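Enquirer:
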Amino acid sequence: MLEEVKKVYILAHESQKDLLKKIQKLSILHITEFEEEVASEKHHQEPGPNSDRGPEQGSRPRSDETKDLSAQISKVEETIRFLKELVPKEGGGMKGFIQDFFENKIDLNRNDYDSLIEKDHRVILSGCDDKRGELDQVREEINRKNELMEKLTPFMPMDLTFEELEKFESEKFEAQIGFIEAEVGEPDLYSEILSRDGDRKYIFIIYPKGEPPDGFQEVKFNLKGTPSQALKDLAERREEAEKRAEEINNDLTSMSSELLTLQAVRDHLATELARYEVGEKLARTEKTFAIRGWVRASDLDKLTSFTGPINIEVEDSGVEEDGDPPLAFKNSKLATPFELVTRMYGPTGAIDPTPYLTPFFMLFFAICVGDVFYGILLIFFSFLFLKLFKMGKEGKNLFHILIYSSLLMIPIGILTGSMFGDLFTTFENPLGNWLNGVRIIDPLSSNGVLIFLAFTIVLGLIQVYTGYGVKLYYHSRRSKKDAILDEGTWILFMTSGIVLLLSLADAMMGLNIGVNLTLGVGFFIGSLILLTVCRGRNEVGIKKLKGLASAYDLISVGTDVLSYSRLFALSVTTYILAMTFNLLAGMVVTGLPSPFGYIVGGLVFVVATLFILFVSTIGGFVHTTRLQLLEFFTKFVEGGETFFEPFTEEDKYMNVIG
Amino acid sequence: MDLGVVYAITGAAMAISLGGAGSAFGLRKSGVVVSGILRENPERWGSLFLLAFLPATQGLYGFITAIMAFISVEAGSLTPEAGLEILVACIPIAITGLVTGSLQGSVCAAAAETVAARPDQVGRGVILAAFIEFYAILGLMISILFLI
C-alpha cells in the first residue's frame, strides 16, 4: 500500500552550515526541485544569486568543484578496480563466484568510517599511480628486451663482435648480417648461413658496397660483443627488470590494504557530490536557503524534532489530494519483498499494486516450478544464500520471494504428483503410492494436460478480473457512480463474453455445460448496449458510440488470458526435464556395474537436479514477472509520479552503522 | 527399421538440432556483447549473467521434445502415419526454437548494452527478452500437446 507523505518546506539561515548533511544522514526526506514561484509564494523570498558556499549549506554547486568531485570519484573507482584485481576474492572458489552475483557491502561502524575518510586519499592514489607508472615502464622494458632477444637469437652462431662487423666496411665492400627467404637461392657472393628458421635463412654476407643482393634484408643491432655475449647480457638485464617488476607488484599488493580506505572515500565523495547536486534544487536568498521535499507521515516527528529552531512548514497534502507526491510503499512483511517486482515496472501512480500481485506471484511461480522437492530445495538454498552471502536489499528481497513462493510449490507438487518429477511414481513404493492417490492432475496424460491448461487459463481470468476489480475499487473512492458505470459495466461485459463463449461451446461442440445459446447471446448483446450507453454518457453526437469501440478491448483481454498458458508450459517443462534426467540416471545405474552405477547415476541425478532447479527458477521468475507487469498491471495501474527516494548517503561499498 | 520410426527420429533430430542451433546463435550474440562489457565492468557480472543465459532455453525445449518423441518410439513399432505425426509434432518447437533463440539473443545483447550504462534496467531488459521467448513456449506447448 502507499503510505501518506507530507510535503514540507524547511527554511534555514545560512549559518546552519551542516543542515543538509544532517538531513542526508537522517535519510527520511525526499527532496524535490524548488520552483522559484513556489519559493516566493511560500516564503516571500526571491531566489538569490549563486553563492560560493559549500555543500553543507546546500548551495548552488560551483561547477569546477562538482567536476573535481566527479573526477576524483572516477579516479578512486579506477584505482579500486585495479587494486581489487590484486586481492584474492573473499572465500575464493565457488563462494567467490557466487558472491559476484550480489552486491557486497562492507559493514562498518561510523567511527571507523570517519577515521578512514579522514585519511588523505590523494597520497594513496598518487602512491599507487607512481607504482603503476613504474610497473608499466618496467614491463615495457621487459617486452623490448624480449623482442630484441628474439630478433638476435638467429645470429648467435656468429663469432664476430658487432664492433668488428662495423669495422669490416671498406671502400669497395661491406659486411652485414640479415636474412633471405628460403626460396631465394644463396647469393653468388661470400656468405655464411648462421641459422635457419622456417622460411628464412639468417646469413652473414659480404657484398660490393651499396649493392646488396636481391632478396637480402639487412638486420641492424645497436649492441656490443658477439651476439651470444649480447644475448647473455640482455637476459641478465631482463632478469633484473623482472625482479623489479615483482617488487613493484608486491608493493602494489601491499597497497591493496588501502582498498577499504578508498572504498570509504569513494562513498564519502559520492555523498558529498550528491549534496552539491541537491543544492541545485534549493531556493535561496543571500541569508537563507529553503528546502522543499516530502517525508513519510510516520517520519515527520523525526524531522521536526531534529531540526529544532529551523522553520519547518508542513503542508497537509495526502496521497489522494495532491497530484505529485512520491510513491512511498509500506507493505506487510509478506508483501514487502514483492516491491522488487513492482519497481521493475517503474512508478505506478496512485496505486501500489504490490499487495495485489503478491498472492498471484507466489502461486504462479510455484506452478512454474511445481515440484515438492524443488520447492524444499529452493527454500533451503535461499536460506543458505541469505546466511552465507552479503547482499543488498534487492538480493534479500529476491530470496524472500523465492522462499515464500516455494512454500506453495509443495502442495502444487503434491496435486500434480511431482516429486523430483516422476521419480517416485514410476515404481512401487509407499510415497509413490500415496502421491498417485492424492494427485489430481497427471501433467502427462492427455486428460491431465487439458485440465492443467484450462486451470492456468482460469487463473489468468481470475487475475484479470482482480485487476479490473482493483481499478473499480480505487475509482469508487473518488466516485461510486462513475466506477460502476465505467469499470462495473466493463466487468459485466467481460463476463457476458465468457458466457457467450461457453454457450457457443455448448451448442457447437456439445460439451453439455448447461449454458443456453440464447441466454449467452442475449446477455452479451444486453451488456454491450449497457457498456455503450455508459461509456458514451458524457459524449455528444457520434462519440456516444465510443463504448461500442471499446468492446474491441475484449479481444486484448482474451489474448492476455491466453498468455497465462505459459504457466502450464513451464510447469510441464520442469516435469519432463526431471523425468528425462531421472531416465538417464536410471540408465546409468542399470548400465554400470554396482556400486559404480549407483555412484555415477547419483552424480548425474544431483547435477541434473541442480540444473533443472536453476533453469526452472529463472524461467518461472521471468515469466511470472512478465505476467504481473504486462497482463495484470495494465488493467489498473496508470503509472506516473516518482518513487519515494530519501536523500541519503551513498553506500556503494559501505554499509555504515550508526 | 520401420518407416514410422525413421519419421519419428527425424522429428526428434529436428527438434533438438534446430532448437539447439537457435540457442547457439542467440547465446553467441548475447555472449559476445556481455564479454565486451565485462572487460570494462567486471562488477556487472551479476546483472548481465541472466541476459547472457536467457537464449539457452530454446535448446532445452528442443531437447525435451526430442526426448518425448523418443519415448513415443520406445512405446512400440510405429506405423508410417504415427511416425509422421511425431515428425509434425516436433516442427513447432524446431522452428520457433531456431528463430526465437537467435532473435532473443539480439534483444539480450541490446539489453546488456543498456544495463552496462544503466544497471537498474536489468529487470526490464529481461522482461523484453521474455517477450520473444513466449513464442518458443507456445511452440513447445503445441509440440507437447501433439506428442502426449
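The listed protein sequences derive, respectively, from chains X and U.
Per my numbering: the first sequence ends with 722, consecutive numbering throughout.
Per my numbering: the second sequence ends with 240, consecutive numbering throughout.
Think of the CB as a built atom: it goes at the ideal place given N, C-alpha and C, for glycine as much as any other residue.
Being a predicted model, the structure only gives us computed values, none of them experimental.
Touching or not, the segment 80 to 92 of chain X and the segment 339 to 359 of chain X, by the rule of three or more beta carbon pairs under 8 Å?
Expert: Yes, the segment 80 to 92 of chain X is in contact with the segment 339 to 359 of chain X.
Enquirer: DSSP has LEU66 of chain X in a bridge; who is on the other side?
Expert: As a position in the first sequence, residue 66 of chain X is number 2, starting the count at 1. DSSP lists X:PHE393 as partners of LEU66 of chain X.
Enquirer: Return the bridge partner residues of GLY242 of chain X from the DSSP annotation.
Expert: On the first sequence, residue 242 of chain X is found 178 positions in, with the first residue counted as 1. Paired residue(s): X:ILE267 and X:GLU282.
Enquirer: Give the range of the beta strand (DSSP E) segment to which VAL720 of chain X is assigned.
Expert: Taking the first sequence and counting its residues from 1, one reaches residue 720 of chain X at position 656. Here the beta strand (DSSP E) through VAL720 of chain X covers 718 to 721.
Enquirer: Using 10 angstroms around the beta-carbon of THR623 of chain X, count the other beta-carbons present and answer buried if the total reaches 16, otherwise exposed.
Expert: Within the first sequence, residue 623 of chain X is the residue found at index 559, counting from 1. The residue is exposed, with fewer than 16 neighbouring Cβ atoms inside 10 Å.
Enquirer: Expressed to the nearest angstrom, what Euclidean distance is found between the alpha-carbon atoms of PRO423 of chain X and ALA399 of chain X?
Expert: The count along the first sequence starts at 1 and reaches residue 423 of chain X at position 359. The count along the first sequence starts at 1 and reaches residue 399 of chain X at position 335. PRO423 of chain X and ALA399 of chain X: Cα-Cα distance of roughly 9 Å.
Enquirer: Look at the alpha carbon of ASP116 of chain X and the alpha carbon of ASP128 of chain X, and state the distance between them as a whole number of angstroms.
Expert: Counted from its first residue, the first sequence places residue 116 of chain X at position 52. Counted from its first residue, the first sequence places residue 128 of chain X at position 64. In this prediction, ASP116 of chain X scores a pLDDT of 43, lower than 50, which makes its location untrustworthy; the coordinate-derived value is nonetheless stated afterwards. Near 11 Å, if we compare the C-alpha coordinates of ASP128 of chain X and ASP116 of chain X.
Enquirer: At what residues does the beta strand (DSSP E) containing ASN461 of chain X begin and finish?
Expert: Taking the first residue of the first sequence as position 1, residue 461 of chain X is located at position 397. No beta strand (DSSP E) contains ASN461 of chain X, which is instead part of the alpha helix (DSSP H) from 457 to 479.
Enquirer: Note down, in chain order, each residue of its chain lying with its Cβ closer than 7 Å to the Cβ of VAL664 of chain X, except the 5 sequence neighbours on either side.
Expert: Numbered from 1 along the first sequence, position 600 holds the residue referred to as residue 664 of chain X. Contacts found: VAL652 and LEU656.
Enquirer: Reducing DSSP to helix, strand and coil, say where GLU384 of chain X ends up.
Expert: As a working mapping, residue 384 of chain X is identified with position 320 in the first sequence. Confidence at GLU384 of chain X is low in this model, with a pLDDT of 46, below 50, so the placement of that residue is unreliable and no value is reported for it.
Enquirer: Residues in the same chain with beta-carbon distance under 6 Å from ASP386 of chain X, minus the five sequence neighbours each way, listed in chain order, please.
Expert: Here the question's residue 386 of chain X lines up with position 322 in the first sequence. For ASP386 of chain X, the pLDDT reaches just 49, beneath the cut-off of 50, and the residue's location in the model is therefore unreliable, leaving the point undetermined.
Enquirer: Would GLU695 of chain X pass as a contact of ALA361 of chain X if the rule is Cβ separation under 8 Å?
Expert: As a working note, residue 695 of chain X is residue 631 in the first sequence. As a working note, residue 361 of chain X is residue 297 in the first sequence. No, the Cβ-Cβ distance between GLU695 of chain X and ALA361 of chain X is not below 8 Å.
Enquirer: Please compile the residues from chain X whose C-beta is within a distance smaller than 7 Å of the C-beta of ARG216 of chain U.
Expert: Numbered from 1 along the second sequence, position 124 holds the residue referred to as residue 216 of chain U. Per Cβ cutoff of 7 Å: MET408.
Enquirer: If you drop the 5 nearest sequence neighbours on each side, which residues of the same chain put their C-beta closer than 6 Å to that of HIS185 of chain X?
Expert: Mapped onto the first sequence, residue 185 of chain X falls at position 121. Here the set comprises VAL329.
Enquirer: Suppose you measure from the CA of LYS71 of chain X to the CA of HIS77 of chain X; what does that come to, to the nearest Å?
Expert: Numbered from 1 along the first sequence, position 7 holds the residue referred to as residue 71 of chain X. Numbered from 1 along the first sequence, position 13 holds the residue referred to as residue 77 of chain X. Going by the C-alpha atoms only, they are around 20 Å apart.
Enquirer: Determine the contact status of GLY434 of chain X and SER470 of chain X, defining contact as a CB-CB distance below 8 Å.
Expert: What you label residue 434 of chain X is simply residue 370 of the first sequence in a count that begins at 1. What you label residue 470 of chain X is simply residue 406 of the first sequence in a count that begins at 1. Going by C-beta atoms, GLY434 of chain X is not nearer than 8 Å to SER470 of chain X.
Enquirer: Using 8 Å as the threshold, is the C-beta distance between ALA354 of chain X and LEU364 of chain X below it?
Expert: Position 290 of the first sequence, counted from the start, is the residue given in the question as residue 354 of chain X. Position 300 of the first sequence, counted from the start, is the residue given in the question as residue 364 of chain X. No, the Cβ-Cβ distance between ALA354 of chain X and LEU364 of chain X is not below 8 Å.
Enquirer: Using a beta-carbon distance below 8 Å, is PHE166 of chain X in contact with chain U?
Expert: One-based indexing of the first sequence puts residue 166 of chain X at position 102. Yes, contact with chain U.
Enquirer: So what's THR706 of chain X in DSSP terms, helix, strand or just coil?
Expert: Position 642 of the first sequence, counted from the first residue, corresponds to residue 706 of chain X. Looking at THR706 of chain X - three-state DSSP - the assignment turns out to be coil, as it is neither helix nor strand.
Enquirer: For PHE697 of chain X, which of helix, strand or coil comes out of DSSP?
Expert: For the purposes of this step, residue 697 of chain X is taken as the residue at position 633 of the first sequence. Reduced to three states, the DSSP call for PHE697 of chain X is helix.
Enquirer: Given that a residue counts as buried once 16 or more other Cβ atoms are within 10 Å of its Cβ, and exposed if not, what is THR637 of chain X?
Expert: Stepping through the first sequence from its first residue, residue 637 of chain X is reached at position 573. The residue is buried, with at least 16 neighbouring Cβ atoms inside 10 Å.
Enquirer: Starting from the Cα of GLY118 of chain U, find the closest Cα among U:THR192, U:CYS182 and U:TRP137 and give me that residue.
Expert: In the second sequence, residue 118 of chain U corresponds to position 26, counting from 1. Of the listed residues, the one whose Cα sits closest to GLY118 of chain U is U:THR192.
Enquirer: Please state if the CB of ASN173 of chain X and the CB of GLY684 of chain X are separated by a distance shorter than 8 Å.
Expert: One-based indexing of the first sequence puts residue 684 of chain X at position 620. One-based indexing of the first sequence puts residue 173 of chain X at position 109. Taking 8 Å as the Cβ cut-off, GLY684 of chain X and ASN173 of chain X do not qualify as a contacting pair.
Enquirer: Grab me the residues of MET319 of chain X's own chain with a C-beta within less than 6 Å of its C-beta, minus the 5 sequence neighbours each way, in chain order.
Expert: Here residue 319 of chain X is taken as the residue at index 255 of the first sequence, counted from 1. The residues are CYS192.
Enquirer: Mind listing which residues of the segment 221 to 232 of chain U have their C-beta closer than 7 Å to chain X's C-betas, in chain order?
Expert: So the close ones are ALA222, PHE226, ILE229 and LEU232.
Enquirer: Does chain U have any CB closer than 8 Å to the CB of LYS106 of chain X?
Expert: Mapped onto the first sequence, residue 106 of chain X falls at position 42. Its pLDDT being 44, under 50, LYS106 of chain X is placed unreliably in this model, and the value from its coordinates should be taken loosely. No, LYS106 of chain X does not count as interfacial toward chain U.
Enquirer: Kindly list, in the order they appear in chain U, the residues whose Cβ is closer than 7 Å to that of SER629 of chain X.
Expert: As a first step, residue 629 of chain X must be located in the first sequence, where it is residue number 565. In chain order: MET233.
Enquirer: My output table needs one value for VAL98 of chain U: the three-state DSSP class, helix, strand or coil.
Expert: Residue mapping note: residue 98 of chain U aligns to position 6 of the second sequence, counting from 1. Of the three classes helix, strand and coil, the one that applies to VAL98 of chain U here is helix, per DSSP.
Enquirer: Using three-state DSSP, classify TYR254 of chain X as helix, strand or coil.
Expert: Counting from 1 along the first sequence, the entry for residue 254 of chain X is found at position 190. In the structure shown, TYR254 of chain X sits in a strand (DSSP, three-state: E or B).
Enquirer: Please name the residue in X:LEU323, X:LEU258, X:ALA299 and X:PHE429 whose C-alpha comes closest to that of LEU147 of chain X.
Expert: The sequence position of residue 147 of chain X within the first sequence is 83, counting from 1. If we check each option's Cα against that of LEU147 of chain X, X:LEU323 comes out closest.
Enquirer: Please classify GLN80 of chain X: is it buried, with 16 or more other beta-carbons within 10 angstroms of its beta-carbon, or exposed?
Expert: Counted from its first residue, the first sequence places residue 80 of chain X at position 16. GLN80 of chain X is buried by the Cβ-count criterion.
Enquirer: Roughly how many angstroms lie between the CA atoms of GLU300 of chain X and PRO272 of chain X, to the nearest whole one?
Expert: Taking the first sequence and counting its residues from 1, one reaches residue 300 of chain X at position 236. Taking the first sequence and counting its residues from 1, one reaches residue 272 of chain X at position 208. So the alpha carbons of these two residues sit roughly 37 Å apart.
Enquirer: Can you name the residues of chain U whose CB is closer than 8 Å to the CB of PHE632 of chain X?
Expert: For the purposes of this step, residue 632 of chain X is taken as residue 568 along the first sequence, with counting starting at 1. Those are MET233, listed as they occur along chain U.
Enquirer: Does the segment 205 to 215 of chain X come close enough to the segment 265 to 281 of chain X to have 3 or more Cβ pairs within less than 8 Å?
Expert: No contact exists between the segment 205 to 215 of chain X and the segment 265 to 281 of chain X.
Enquirer: Helix, strand or coil: how does DSSP classify ILE240 of chain U here?
Expert: Taking the first residue of the second sequence as position 1, residue 240 of chain U is located at position 148. Three-state result, ILE240 of chain U: coil.
Enquirer: For the segment 159 to 178 of chain U, which residues have a beta carbon sitting closer than 8 Å to at least one beta carbon of chain X?
Expert: The segment 159 to 178 of chain U vs chain X, Cβ under 8 Å: ILE159 and MET160.
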